[in-house]
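Asker: This note's numbering puts the first residue of the sequence shown at 13, with every later residue one more than the last. The beta carbon of each residue, even a glycine, is placed where N, CA and C say it ideally should be. This is the structure I want to talk about, given as structure tokens.
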Amino acid sequence: MRRIAVFVLVLLRMTAGVQGEPQGDLVGLRLIIVRTESEANALLTPLQAGEKFEELARTQSIDRSAAVGGYLGTFALSQLRPEFQAAATSLRPGEVSPVVKLGREFALIQ
């Protein structure tokens with residue numbers, strides 16, 4: 013689980029600072045990582061009912077970012093892993109993605 017978070021951050025940081033990249037597509041990224049798809053799907057119900065993503069990240073996520081409400085930082089869409097790009101492209105600020113499979117674990121992003 014920590015390896016996935018570190019891997020995501022390393023990939024994001026490796027592409028940071030790409031010259032000529034437009035600044036208009038920056039997104040703030042929050043993440044919840046859980047072990048099973050059913051856990052991830054179960055989190056969608058309270059999120060749709062208005063529960064705060066940050067609170068669920070703190071209490072349910074197995075990722076290191078849970079301590080800060082799942083917040084990973086601000087990135088250009090092009091800096092994200094392909095799975096996150098696909099999930100985030102159609103999201104508006106504050107919306108939550110469908111469940112995203114990451115290796116053996118599952119994620120929700122906001």
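By DSSP, does residue 43 sit in helix, in strand, or in coil?
Answerer: Mapped onto the sequence shown, residue 43 falls at position 31. Correct three-state label for residue 43: strand.
Asker: Which same chain residues end up closer than 7 Å to residue 111 when comparing Cβ atoms and leaving out the 5 residues on each side of it in sequence?
Answerer: Start at 1 with the first residue of the sequence shown, and residue 111 comes out as number 99. 49, 52, 53, 118 and 120.
Asker: Please state the DSSP three-state secondary structure of residue 88.
Answerer: Counted from its first residue, the sequence shown places residue 88 at position 76. Note: residue 88 maps to strand in three-state DSSP.
Asker: Residues in its own chain within less than 6 Å of residue 108 by CB, not counting five upstream and five downstream?
Answerer: The residue you call residue 108 lines up with position 96 of the sequence shown. Within the same chain, residue 108 has close Cβ partners 59, 120 and 122.
Asker: Identify which residue in 38, 44, 39 and 37 has its Cα closest to the Cα of residue 81.
Answerer: Here the question's residue 81 lines up with position 69 in the sequence shown. With distances taken between Cα atoms, residue 81 lies closest to 44.
Asker: Throw me the rounded Cβ distance for the residue 95 and residue 68 pair, which I believe falls under 8 Å.
Answerer: To locate residue 95, count along the sequence shown from 1; it is residue 83. To locate residue 68, count along the sequence shown from 1; it is residue 56. With a Cβ gap of about 20 Å, residue 95 and residue 68 do not count as contacting.
Asker: Of all the options 116, 106 and 101, which has the alpha carbon lying nearest to the alpha carbon of residue 83?
Answerer: Reading the sequence shown from its first residue, position 71 is the one you call residue 83. Closest by alpha carbon: 106.
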